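S.K.: Before we start, here is the structure in question, set down as structure tokens.
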Amino acid sequence: MIFGSVSAASEVVPAIGFGIATAAYIGLGSVGYTLQTGITGVINFAYGAILISAAFVAYAVNRVGGDLWQILVVGGATGAIVSYLVNKLVFRRFVRRGVSRFGMLIVTLWAGLILQNILLAIFGGNYLHITTPAGHLFRVLGTKLDTLQLTGITIAVVCVVGLAILLKFTRLGFAMRALATNPDLARASGVKVARVLDYTWLITGVICGLAGVLYSIAVGAFHQTSGNAVLIIMFTAAILGGVGRPLGAAIAALALSIAMQLVTLVIPADLNEIVAFVALILVLLLRPSGLFGVAREADVEVAVA
Amino acid sequence: MSGANLYATTLLVYFFIDVLAAWGLNLQYGLFGMYNFAFILFQSIGAYTAAVLTLGPPKHVFGTQDYFFGAQLPFPLPIVIAGGVAGVLGLIVALLLSRNLRSDYEAIVTFGLSIMALLIVTAVVPLFNGASGLAQVPEPLQGTLGLGAGAYSWVFVGFSGLICLASYGVLRRVQGSPFGRALRAVRESRDGAAALGVNATWCRIVVSVFGAVLAGVSGALLVEFITAWSPAAWTYVESLTIFSAIIVGGVGNDIGVLLGVFATEIVFAEGSTFLPTSLPPNLVGSLPWILIGIVTLAFLWARPQGIVPERRDCVRISKRRAAAVTWDVPTHGDFADLRDIVDGGVASGRG
Amino acid sequence: MAAASRSMEPPMLEVRDLCVSFGGLRAVDAVSIEISPHEVVGIIGPNGAGKSTLVSAIAGSVTPDSGAVLLAGRPITKLPPHRIARAGLTRTYQMATQFSRMTVLENLLVGAPKQRGAQLRWALLGRRYWEQEELRLRAKALELLARFGLAKWRNAYAGSLSGGQLRILEIARALMTDPKMLILDEPTAGLAPLIVTEIEGHVESLPRSGVTVVLVEHRLDFVERLADRVVVMASGRVLRQGALKNLREDADVVGAYIAG
């Protein structure tokens, strides 16, 4: 615990810098999460498990000599495939059945738990570690960031920009946005809902996988349940930014990450996630549409795929 | 004490304790429609309370367990107080959830609460000894009864069973009464019930406190039996498992919930014995969870009301008392005698 | 005789300068209404006129910004919905508020006022203390079901009833509360003419049972046959009050409907 005199510049700026570094994967994951929920209507609590499963597969490739870029590709692909399959095999069936919102939550929670246990069965319960070549330390605006962190930030920014281009300038992106805002109208206007939803699961799955690989490298040691802690933070950022609003999620993720690092200056480091929980509880109790969202009836339509 | 004895008593005590907790959640979720993923906190605080009230004051010496308060109270005070403390927490949760939240948002808020509590207790060691948790909790009446380990365990089984039985009696009274009917009405339609004069806030408080007390007592019994309690015992997975037992067993039906808990226990206790020993231990550890998960999903898809569903028309009236009715019973074409008034007559409608 | 008694009794419902706004929008703008006992009053007006908001504000599910509501002289303005129901004002809803996973009979029994068994302490003490009352209430509920033609469905889950039956159930259930006043929120919306006639018959019988009725409706012929007078609302305000047949030709009323 760091009480007493804290030299502002020497402690705060690195904390902010570290916050920005962690915001790389938190933000990426949050953007993927908010799009997934906004478009498909499913609040996916297996996202953390899918995220970490990508890390596991990346680890396997890393063990046989895969470098950073290879494992990123593999991780993204894993995220896409697992997300797509989990939706096709599990989620979609329940959406079609018309299960209640709470029921859907139980479904996604169990899907995540089952996935975690499959990972446990395959890889064992030990903490794993992805080895990456030692990089350099760069001085950036008063703080030090290493190669890995800068790579992570770059990848996150590139992905988010790529997503923005997809959403704004392509037909698929337009259809995705239509589904997120008004599913009934979208369906009636001839949008091929099933196809768009499939693409959504694949694309947000890639993002989930990438975030998982970046996260597991940044955090060093991980195992099956490591995805859960980071899921809550991503979920909170998604809600804060307004479900279905990628820019809101990105900003919220950045703010949350920095806040989580700044708060370690006064409370024990392993308690810092509490910032996310407090924010989550407050926003759901007081303003479920999010800080940037439009105050609608806070209803996310569950799209029938 | 023989191995079989140990196995049987452990299984039975766990069964009674889990059933008690599950009935508490069934009251909140099955009957009233409260989506409380922080439920496990009630059991947890019951366990911690009972533990610190049996361990005695903390020594604050390096190498001993660190907790914020302790006493050495005689049986059954720690268990009773544990129930009370859990009840207070139940009241707090009820007041927190007074806003009309969407079902899944309510679950997520409470989910967040439970993980936050886990975080705090793990990180703030002086509270309840952090991740290591509390251990060496003296068993109640250990010396005074002068029984051998085997006999003692069976007494514990009997004691837990009695508490279960008593709780069942109280729950049955509540659920089979017009008050229970009001609870279910709020579950079905908050607005509809309010328009008919039902005070949903009061109902929520009652259900939350009652269910919390049951869970708190269950936690106290558990810690007195296994003499240890740590954060690993109350993760979100525990809450999820109780929900599963209710969903599979029977939502809103205590006998059904009993069945659901029993089935879950069997999977964990017996599951590994049916598997070939050549399987890697990780697979063995994960299979029960995968099985329970798949079964839960199957029930949610095919039969969400569970194996033994809620009774139709839960209010129980004794036929004998109905037969003693002295006032004039109205007769109409569609129904003709007192039987109709007692149990609504033969079901002639759909449903 | 009815007219004479009406002028001497205090009004059953008094709404004084009631204002409700959402965000910056005035949904109910200084509305004042008086309803005498045993009257049947219709509230009509185009969509968005504020009828539903007015009903919600009177019945307590929405808190008004200013103004007062009095039921038989007793102020009920900021009370929660369940207290207003217990005071004698029951409202029905347009959307699904039936207790789907409970039987039709149970649906009615929830409404019975001041049931001993519905109080926690008597429930805990045992059924000996509330059984007799429950039997009596069941008899009353069955009579109501017979009157509304639902007796055959008494043991069916409410969720299995058709739309029209649900509306009738809603009214029967409301009557179980022995209300002084009943507010029916669009009881015939989306229903077939045959069911509408049936509901009309039921609503017509209400004042004879001593219930004052406020009817929010879109079907003008339905309202004309049933209501003693109507209150026309538009843009959150009361436009006109009076007998519907007189108001049909009123230029402002017609204009409001065309504009709204």
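Chains as they are written, first to last, in the working numbering: chain A, -14 to 290; chain B, 60 to 410; chain C, -8 to 251. Ideal Cβ placement from N, Cα and C applies to all residues, glycine included. Keep in mind it's a predicted model, so treat the numbers as computed, not measured.
(1) Taking its Cβ as the centre, do 16 or more other Cβ atoms sit within 10 Å of Thr336 (chain B), making it buried, or is it exposed?
(2) In angstroms with no decimal places, state the Cα-to-Cα distance between Pro185 (chain B) and Thr123 (chain B).
(3) Can you look up Pro66 (chain C) in the DSSP assignment and give me helix, strand or coil?
(4) What do you get for Asn167 (chain A), buried or exposed, if any count of 16 or more other CB atoms within 10 angstroms of its CB means buried?
(5) Check whether the region 234 to 251 of chain C touches the region 61 to 72 of chain C, taking contact to mean three or more Cβ pairs, one atom from each stretch, closer than 8 Å.
(6) Looking at the secondary structure, which residues open and close the alpha helix (DSSP H) in which Cys10 (chain C) lies?
(7) Hey, Ala183 (chain C) and Gly155 (chain C) are a contact pair by Cβ (cut 8 Å); roughly how many whole angstroms apart?
(8) Using a beta-carbon distance below 8 Å, is Ser85 (chain A) in contact with chain B?
(9) Quick check on this structure: which residue in B:Tyr73, B:Val196, B:Ser157, B:Asn64 has the alpha carbon closest to the alpha carbon of Trp288 (chain B)?
(10) Does Arg281 (chain A) come out as helix, strand or coil in the three-state DSSP assignment?
(11) With 8 Å as the limit, tell me which residues of the region 314 to 347 of chain B have their beta carbon closer than that to any beta carbon of chain A; keep them in chain order.
(12) Would you say Val266 (chain B) reaches chain A, if we count a Cβ-Cβ gap shorter than 8 Å as a contact?
(13) According to the neighbour-count rule (16 or more other Cβ atoms, all chains shown, within 10 Å of its Cβ), is Arg230 (chain A) buried or exposed?
(14) Who are the Cβ neighbours of Gly2 (chain A) in its own chain at under 8 Å, not counting the five residues just before and after it?
(15) Spatial neighbours of Gly330 (chain B) within its chain, please: C-beta separation below 6 Å, excluding the five flanking residues on both sides.
(16) Can you tell me whether Ala132 (chain C) is helix, strand or coil according to DSSP?
(17) Let me confirm a value: Glu177 (chain C) is counted as buried when at least 16 other C-beta atoms fall within 10 Å, else exposed. Which label applies?
(18) So which residues on chain B does Ala106 (chain A) lean against when the C-beta distance must stay under 7 Å?
(19) If you follow the alpha helix (DSSP H) that Ile34 (chain C) is in, where does it begin and where does it stop?
(20) Any idea if Val(-2) (chain A) is buried or exposed, counting beta-carbon neighbours within 10 angstroms, 16 or more meaning buried?
(21) On a CA-only basis, which of C:Val202, C:Ala48, C:Leu99 is nearest Ala130 (chain C)? Give me that one, please.
(22) Based on DSSP bridge pairs, tell me the residues matched to Arg82 (chain A).
(23) State the beta-bridge partners of Leu122 (chain A) as determined by DSSP.
(24) Quick check on this structure: which residue in B:Leu90, B:Ile104, B:Leu318 has the alpha carbon closest to the alpha carbon of Leu280 (chain B)?
(25) Where do the ends of the alpha helix (DSSP H) carrying Ile266 (chain A) lie?
(26) How big is the Cα-Cα spacing for Ala9 (chain A) and Val178 (chain A)?
(27) Quick one: which chain A residues come within Cβ less than 8 Å of Met93 (chain B)?
(28) So which residues of chain C does Arg423 (chain B) contact, with C-beta pairs closer than 9 Å?
(29) Check the Cβ of Ala166 (chain B) against every Cβ in chain A and list those closer than 8 Å, keeping chain order.
(30) Does the Cβ of Tyr148 (chain C) have 16 or more other Cβ atoms within 10 Å, making it buried, or fewer, making it exposed?
(31) Taking Arg164 (chain C) as part of the alpha helix (DSSP H), name the residues at either end of that continuous run.
(32) With H, G and I counted as helix, E and B as strand and the rest as coil, what does DSSP make of Trp288 (chain B)?
(33) Mapping the DSSP letters down to three states, classify Leu185 (chain C) as helix, strand or coil.
(34) What residues in its chain sit with their C-beta under 7 Å from that of Cys223 (chain B), if we drop five residues either side in the sequence?
(35) Whole angstroms are fine: how far does the CA of Asp169 (chain C) sit from the CA of Met92 (chain A)?
(36) Hey, quick one: how far does the alpha helix (DSSP H) through Ser236 (chain B) stretch, first residue to last?
M.R.: Reading it off the structure:
(1) Along the second sequence, read from residue 1 onward, the residue named residue 336 (chain B) stands at position 277. The residue is exposed, with fewer than 16 neighbouring Cβ atoms inside 10 Å.
(2) In the second sequence, the residue the question calls residue 185 (chain B) occupies position 126. In the second sequence, the residue the question calls residue 123 (chain B) occupies position 64. If you take the alpha carbons of Pro185 (chain B) and Thr123 (chain B), they lie about 11 Å apart.
(3) Residue 66 (chain C) sits at position 75 when you count from the first residue of the third sequence. Residue state, collapsed to three classes: strand.
(4) Within the first sequence, the letter at position 182 stands for residue 167 (chain A). It is exposed - the Cβ of Asn167 (chain A) has fewer than 16 other Cβ atoms within 10 Å.
(5) No, they do not touch.
(6) Stepping through the third sequence from its first residue, residue 10 (chain C) is reached at position 19. Per DSSP, Cys10 (chain C) belongs to no alpha helix (DSSP H); it is in the beta strand (DSSP E), 4 to 13.
(7) Taking the third sequence and counting its residues from 1, the one referred to as residue 183 (chain C) is at position 192. Taking the third sequence and counting its residues from 1, the one referred to as residue 155 (chain C) is at position 164. At roughly 7 Å, the Cβ-Cβ gap stays under 8 Å, so Ala183 (chain C) and Gly155 (chain C) are in contact.
(8) As a working mapping, residue 85 (chain A) is identified with position 100 in the first sequence. So, interface residue.
(9) Position 229 of the second sequence, counted from the first residue, corresponds to residue 288 (chain B). For Trp288 (chain B), the nearest C-alpha among the options comes from B:Val196.
(10) Reading the first sequence from its first residue, position 296 is the one you call residue 281 (chain A). Only weak support exists for where Arg281 (chain A) lies, its pLDDT of 48 falling under 50; the value from the coordinates is given anyway. Here Arg281 (chain A) carries a coil assignment [DSSP, helix/strand/coil].
(11) Pro339, Asn341, Leu342, Gly344, Ser345, Leu346
(12) Position 207 of the second sequence, counted from the first residue, corresponds to residue 266 (chain B). Using beta-carbon distances, Val266 (chain B) does not count as an interface residue toward chain A, since no partner is under 8 Å.
(13) Locating residue 230 (chain A) in the first sequence gives position 245, where the first residue counts as 1. Arg230 (chain A) is buried by the Cβ-count criterion.
(14) By 1-based counting over the first sequence, the position of residue 2 (chain A) is 17. Cβ within range, chain order: Val125, Leu126, Gly127, Thr128, Lys129, Leu130.
(15) As a position in the second sequence, residue 330 (chain B) is number 271, starting the count at 1. Closer than 6 Å at the Cβ level, and outside the excluded window around Gly330 (chain B), lie Pro347.
(16) The sequence position of residue 132 (chain C) within the third sequence is 141, counting from 1. Helix, per DSSP.
(17) On the third sequence, position 186 is the one that residue 177 (chain C) refers to. By the neighbour-count rule (16 or more Cβ atoms within 10 Å), Glu177 (chain C) is buried.
(18) Position 121 of the first sequence, counted from the first residue, corresponds to residue 106 (chain A). What Ala106 (chain A) touches in chain B: Asn341, Leu342, Ser345.
(19) Sequence index remark: in the third sequence, residue 34 (chain C) carries index 43 (1-based). Segment 31 to 35 is the beta strand (DSSP E) holding Ile34 (chain C); no alpha helix (DSSP H) there.
(20) Here residue -2 (chain A) refers to the residue found at position 13 of the first sequence. Val(-2) (chain A) is exposed by the Cβ-count criterion.
(21) Against the third sequence, residue 130 (chain C) aligns to sequence position 139. When each option's Cα is compared against that of Ala130 (chain C), the closest is C:Leu99.
(22) Locating residue 82 (chain A) in the first sequence gives position 97, where the first residue counts as 1. Beta-bridge pairing links Arg82 (chain A) to no other residue.
(23) What you label residue 122 (chain A) is simply residue 137 of the first sequence in a count that begins at 1. Bridge partners of Leu122 (chain A): A:Asp131.
(24) One-based indexing of the second sequence puts residue 280 (chain B) at position 221. Nearest neighbour of Leu280 (chain B) by Cα position, chosen from B:Leu90, B:Ile104, B:Leu318, turns out to be B:Ile104.
(25) As a position in the first sequence, residue 266 (chain A) is number 281, starting the count at 1. For Ile266 (chain A), the enclosing alpha helix (DSSP H) starts and ends at 259 to 271.
(26) Within the first sequence, residue 9 (chain A) is the residue found at index 24, counting from 1. Within the first sequence, residue 178 (chain A) is the residue found at index 193, counting from 1. So the alpha carbons of these two residues sit roughly 31 Å apart.
(27) Your numbering for residue 93 (chain B) matches position 34 in the second sequence. Ordered by position in chain A, no residue passes the 8 Å Cβ test against Met93 (chain B), which lies about 10 Å from the chain.
(28) Here chain B covers residues 60 to 410 and nothing more, so residue 423 (chain B) does not appear.
(29) As a position in the second sequence, residue 166 (chain B) is number 107, starting the count at 1. The contacting residues are Phe87, Leu90.
(30) In the third sequence, the residue the question calls residue 148 (chain C) occupies position 157. Buried: at least 16 other Cβ atoms inside 10 Å.
(31) One-based indexing of the third sequence puts residue 164 (chain C) at position 173. Unbroken alpha helix (DSSP H) run through Arg164 (chain C): 154 to 166.
(32) As a working mapping, residue 288 (chain B) is identified with position 229 in the second sequence. Strand, per DSSP.
(33) Translated into positions along the third sequence, residue 185 (chain C) becomes position 194. In the structure shown, Leu185 (chain C) sits in a helix (DSSP, three-state: H, G or I).
(34) As a first step, residue 223 (chain B) is located in the second sequence; it is residue number 164 there, counting from the start. For Cys223 (chain B), where only same-chain residues beyond five positions count, the Cβ hits under 7 Å are Phe75, Val78, Leu79.
(35) For this step, residue 92 (chain A) is matched to residue 107 along the first sequence. For this step, residue 169 (chain C) is matched to residue 178 along the third sequence. Before going further, note that residue 92 (chain A) is Val rather than Met in the sequence given. For Val92 (chain A) and Asp169 (chain C), the distance between alpha carbons rounds to 44 Å.
(36) Within the second sequence, numbered from 1, the residue matching residue 236 (chain B) stands at position 177. It is not in any alpha helix (DSSP H) - Ser236 (chain B) carries neither H nor E in the DSSP assignment.
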